[in-house]
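**Q**
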Amino acid sequence: MKLSRMHLKTLREAPNEAELISHQLLIRANMIKKEAAGIYTFMPLGWRVIRKISQIVREEQDRIGCQELQMPHPNPSELWKESGRWYAYGPELWRIKDRNGREFCLAPTCEEMITNLVKQEVSSYRELPFQFYHIQWKFRDESRPRYGLLRSREFLMKDAYSFDATPEDLDKAYQLQYGAYERTFTRCGLDYRIVEADNGPIGGSNSHEFSALSAVGESELAYCENCDMAATIERAECVDEKQPEMEMEELREVYTPNTKTIKDVCDYLGLDEKRSIKALMFVTYDRELNPDKYVCAFIRGDRDVNMIKLVNALGIPEHYIEFADEEEMAPVTGIVGGFTGPIGLKNCIKVVDSELVGTKNMCAGANKEDHHLLGVCYGRDYEGDIITDIKTLKEGDPCPKCGNPIKHTRGIEVGQIFKLGTKYSQSMNTTYKDENGDDNIYWMGCYGIGVTRTMQAIVEQHNDKDGIIWPVSVAPYHVIITVINPQDEMQMALAEKMEAELEKHHVEVLCDDRDERPGVKFKDADLIGMPIRITVGRKAADGEVEYKLRREAEVKEMKAEDAVRAACELVDAERFGM
Ligand code: ATP
Ligand code: MG
């Protein structure tokens, strides 16, 4: 491809709203263009990258016997009402109506659509097990679309679905996808970590997240250097710390003026924060988003509440809960803002962190202005309606598996796999006939990869001050031939000869034959990030060129044939990314 014939409008600077280097570079390199919040056009070079990543994804899905099909964007609302997610998915679900007023959503994921399809298409155990996938645009009306392709409202996703007869067979399907994901992200050149994850609104029992390591990633990951424990913060279990043995004291009220925070009251009373009870007040909503119930969550004073664990404990989706207005809730529940404690509360659900069970002589709010209680003992003085782990695992806390101090890191979630179990097959009544002619429910799994998010995660991990450094496996072109003076026939002839040779070996070439200063061409080549640059200049007369890898500083002079050979060898070694 001749660059003079291609549309490429690189920018010296990115718009202010592009905070991340990867977002800035993709815009500056003219790979993506914003059309509306979280909605992008993929320009010619960028689209080639998407095609490369999609192809890697496709090859690895095909390899494990997952069958590609293509399902539509609009999903009839009836399907989503059957599964219950028409309500549970919340405002992220992009709802539309046709001219007759019939409701649809633009699919954010396709469990309903595929389950309904399988209901109609498959009836016999003879077809089991099977898996389907498609690579299709997804729509989520995210509350805060940002960071370019990392959190957009329209994005390309590969989603696969497995159907099995037994939980053991589902395990096998899950393992196949797990392996396919490892190969896919390795081939994309990503440095990633696999962690246990929360199932979230998708449902089911078991899940892993594949996260590209990055300081700017939105996934917070906890891991142990001593054992294989690795989980998202939402999912990571916490070990309850046992309180030292002590005698039960009597319950007593103390005057604690102006001590609305844990720190204030503990400083005032000279107490360790571990001896205090923190109270957090929430209101939950029903599916029509009307206020439903009040919730008080209690954890040890030095801990932070984990919202995902809390909503899981309550059995509601994440968007059905908010911090409560303490003044509104006071007359109903008897709380006093800043001095709330578990004793004497009414008309609210008390969710108590498991660590508090059995604790003695704690300090808690007295539900009375400027007062706290001392000597608060679990069981004697209060109990929880729900008791479970609702705290966040912090860096340095003991590993739930081996006790070693936990480390934290961050990542960009590029893929997630789920064991769904029978959630959708049951709610949508989807069965097959077994050997005896009896109806049986399917065991399902679902498996997602964000293709467009993966593209930007690659850039986030592969760049320098001059621009993008594409891994060979996903580069829009493998080689850029920079012709210093395209008016010089000798230079153009040599460039074209190399281009033809390289293309004969299925090496993809971009030839920069533009009438631009060499400095401009070098800058653009670095910015758009092709893995190999071959420069044709004055020495073309002697058949000599410069050969440079984008990821290395060294420039080598060599014969044109040698440069072609070196490029072919490198591309052959790395085109599959493994
Ligand atoms: P997140 O927690 O980041 O919102 P999710 O867990 O809701 O993502 P899944 O339902 O697991 O996402 O979707 C599968 C994959 O689709 C994700 O692993 C991610 O790579 C991609 N993805 C999800 N939401 C977006 C988005 N708004 N923009 C781009 N890619 C996305
Ligand atoms: Mg996910």
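In this note's numbering, the protein residues as written are 146 to 723. C-beta atoms are modelled at their ideal positions from N, C-alpha and C, and glycine is treated no differently. Remember, predicted model here, so these are calculated numbers, not experimental data.
Taking the C-alpha atoms as reference points, what is the distance between residue 352 and residue 151?
**A** As a working mapping, residue 352 is identified with position 207 in the sequence shown. As a working mapping, residue 151 is identified with position 6 in the sequence shown. Distance between the alpha carbons of residue 352 and residue 151 is about 44 Å.
**Q** CB-CB under 8 Å to residue 675, same chain, minus the five flanking residues each way: which ones, in chain order?
**A** Translated into positions along the sequence shown, residue 675 becomes position 530. Around residue 675: 615, 620, 621, 622, 623, 624, 625, 655 and 695.
**Q** What would DSSP say about residue 804, mapped onto helix, strand or coil?
**A** Any question about residue 804 goes unanswered here, given that the chain covers just 146 to 723.
**Q** With a 10 Å radius around its C-beta and 16 neighbouring C-beta atoms as the bar for buried, classify residue 607 as buried or exposed.
**A** Locating residue 607 in the sequence shown gives position 462, where the first residue counts as 1. Buried, by the Cβ-count rule.
**Q** Does the segment 452 to 463 touch the segment 486 to 504, meaning 3 or more C-beta pairs lie closer than 8 Å?
**A** yes
**Q** List in chain order: all unbroken beta strand (DSSP E) runs of 3+ residues lying wholly within the segment 672 to 699.
**A** List check, beta strand (DSSP E) in window: 677 to 681 and 689 to 694.
**Q** Quick check on the DSSP output: the beta strand (DSSP E) that includes residue 369 runs from which residue to which?
**A** Along the sequence shown, read from residue 1 onward, the residue named residue 369 stands at position 224. Membership of residue 369 in any beta strand (DSSP E) is not indicated, and neither H nor E is assigned to it by DSSP.
**Q** Going by the beta-carbon positions, is the gap between residue 592 and residue 305 smaller than 8 Å?
**A** Indexing the sequence shown from 1 puts residue 592 at position 447. Indexing the sequence shown from 1 puts residue 305 at position 160. Yes, the pair counts as a contact, with Cβ atoms nearer than the cut-off.
**Q** DSSP on residue 723, reduced to helix/strand/coil?
**A** For the purposes of this step, residue 723 is identified with residue 578 of the sequence shown, where counting begins at 1. It is coil, neither helix nor strand.
**Q** With DSSP collapsed to three states, give me the class of residue 464.
**A** One-based indexing of the sequence shown puts residue 464 at position 319. Residue 464: helix per DSSP, three-state reduction.
**Q** Just to confirm the assignment: which complete beta strand (DSSP E) runs, minimum length 3, are found wholly within the segment 193 to 271?
**A** Assignment of beta strand (DSSP E) within the segment 193 to 271, counting only whole runs of 3 or more residues, yields 219 to 221, 239 to 242 and 248 to 251 in chain order.
**Q** Out of curiosity, what's the CA-to-CA distance linking residue 186 and residue 470?
**A** As a position in the sequence shown, residue 186 is number 41, starting the count at 1. As a position in the sequence shown, residue 470 is number 325, starting the count at 1. Whole-angstrom Cα-Cα distance: 42 Å.
**Q** Who are the Cβ neighbours of residue 659 in its own chain at under 6 Å, not counting the five residues just before and after it?
**A** For the purposes of this step, residue 659 is taken as residue 514 along the sequence shown, with counting starting at 1. Hits under 6 Å: 148 and 149.
**Q** Just to confirm, does residue 558 get its C-beta within under 7 Å of one of the non-hydrogen atoms of the ligand MG?
**A** For the purposes of this step, residue 558 is taken as residue 413 along the sequence shown, with counting starting at 1. Yes - the ligand MG has a heavy atom lying nearer than 7 Å to the Cβ of residue 558.
**Q** Using a threshold of 8 Å, state whether the C-beta atoms of residue 423 and residue 453 are closer than that.
**A** Numbered from 1 along the sequence shown, position 278 holds the residue referred to as residue 423. Numbered from 1 along the sequence shown, position 308 holds the residue referred to as residue 453. In this structure, residue 453 does not lie closer than 8 Å to residue 423 by Cβ.
**Q** Using only the heavy atoms of the ligand ATP, determine whether one of them is closer than 7 Å to the beta carbon of residue 380.
**A** Looking up residue 380 in the sequence shown gives position 235. Every heavy atom of the ligand ATP is 7 Å or more from the Cβ of residue 380, so no.
**Q** DSSP three-state call for residue 421: helix, strand or coil?
**A** Residue 421 sits at position 276 when you count from the first residue of the sequence shown. Residue 421 falls in the strand class under three-state DSSP.
**Q** Report the residue from 163, 181, 327 and 155 whose alpha carbon sits nearest the alpha carbon of residue 91.
**A** As displayed, the chain neither begins before 146 nor continues past 723, which places residue 91 out of reach and without an answer.
**Q** CA-CA distance, residue 723 and residue 332?
**A** Walking along the sequence shown from the start, residue 723 turns up at place 578. Walking along the sequence shown from the start, residue 332 turns up at place 187. Using only the alpha carbons, I get a separation of about 6 Å.
**Q** With a 10 Å radius around its C-beta and 16 neighbouring C-beta atoms as the bar for buried, classify residue 678 as buried or exposed.
**A** By one-based count along the sequence shown, residue 678 stands at place 533. Buried.
**Q** Give the straight-line distance between the Cα atoms of residue 697 and residue 671, rounded to the nearest whole angstrom.
**A** If you number the sequence shown from 1, residue 697 lands on position 552. If you number the sequence shown from 1, residue 671 lands on position 526. If I take the Cα positions, the gap works out to 11 Å.
**Q** Can you grab the Cα-Cα spacing for the pair residue 651 / residue 709, in whole Å?
**A** Position 506 of the sequence shown, counted from the first residue, corresponds to residue 651. Position 564 of the sequence shown, counted from the first residue, corresponds to residue 709. Whole-angstrom Cα-Cα distance: 12 Å.
**Q** Can you say whether residue 412 is buried or exposed, counting buried as having 16 or more other CB atoms within 10 angstroms of its CB?
**A** Within the sequence shown, the letter at position 267 stands for residue 412. Its Cβ having fewer than 16 others within 10 Å, residue 412 is exposed.
**Q** Are the CB atoms of residue 617 and residue 171 within a distance shorter than 8 Å?
**A** Within the sequence shown, the letter at position 26 stands for residue 171. Within the sequence shown, the letter at position 472 stands for residue 617. No, these two residues do not count as a Cβ contact at 8 Å.
**Q** Classify residue 550 as helix, strand or coil using the three-state DSSP reduction.
**A** Taking the sequence shown and counting its residues from 1, the one referred to as residue 550 is at position 405. It is a strand residue.
**Q** As a quick exercise: from 261, 167 and 240, pick the residue whose alpha carbon is nearest that of residue 570.
**A** Numbered from 1 along the sequence shown, position 425 holds the residue referred to as residue 570. Taking only the C-alpha atoms, the option nearest residue 570 is 261.
**Q** Taking three-plus beta-carbon pairs below 8 Å as touching, is the segment 548 to 557 in contact with the segment 238 to 247?
**A** no
**Q** To the nearest angstrom, how far is it from the Cα of residue 286 to the Cα of residue 582?
**A** Reading the sequence shown from its first residue, position 141 is the one you call residue 286. Reading the sequence shown from its first residue, position 437 is the one you call residue 582. Their backbone Cα atoms lie some 44 Å apart in a straight line.
**Q** Could you give the distance in angstroms between the alpha-carbon of residue 292 and the alpha-carbon of residue 273?
**A** Along the sequence shown, read from residue 1 onward, the residue named residue 292 stands at position 147. Along the sequence shown, read from residue 1 onward, the residue named residue 273 stands at position 128. Between residue 292 and residue 273, the C-alpha separation is close to 41 Å.
**Q** With residue 324 as the anchor, note down where its alpha helix (DSSP H) starts and where it stops.
**A** In the sequence shown, the residue the question calls residue 324 occupies position 179. Counting along the chain, the alpha helix (DSSP H) containing residue 324 begins and ends at 312 to 332.
**Q** So what's residue 168 in DSSP terms, helix, strand or just coil?
**A** Residue numbering aside, residue 168 sits at position 23 when the sequence shown is read from its first letter. DSSP places residue 168 in helix when its eight states are reduced to three.
**Q** Thinking residue 573 and residue 257 are a contact (beta carbons under 8 Å), I'd like their distance in whole angstroms, please.
**A** Translated into the one-based positions of the sequence shown, residue 573 becomes position 428. Translated into the one-based positions of the sequence shown, residue 257 becomes position 112. With 8 Å as the limit, residue 573 and residue 257 qualify as a contact, their Cβ atoms being about 7 Å apart.
**Q** Contact defined as beta carbons within less than 8 Å: I believe residue 576 pairs with residue 586. What is the distance between those atoms, to the nearest angstrom?
**A** For this step, residue 576 is matched to residue 431 along the sequence shown. For this step, residue 586 is matched to residue 441 along the sequence shown. Going by Cβ atoms, the distance from residue 576 to residue 586 rounds to 6 Å, so yes, they are a contact pair.
**Q** Should residue 169 be counted as a contact of the ligand MG given a C-beta to heavy atom distance under 7 Å?
**A** Mapped onto the sequence shown, residue 169 falls at position 24. It does not: the Cβ of residue 169 is nowhere closer than 7 Å to a heavy atom of the ligand MG.
**Q** Compare the C-alpha of residue 335 against each of 647, 178, 717 and 201 and name the closest.
**A** As a first step, residue 335 is located in the sequence shown; it is residue number 190 there, counting from the start. When only C-alpha atoms are compared, the closest one is 201.
**Q** Using DSSP with H/G/I as helix, E/B as strand and the rest coil, what is residue 457?
**A** In the sequence shown, counting from the first residue as 1, residue 457 sits at position 312. DSSP places residue 457 in helix when its eight states are reduced to three.
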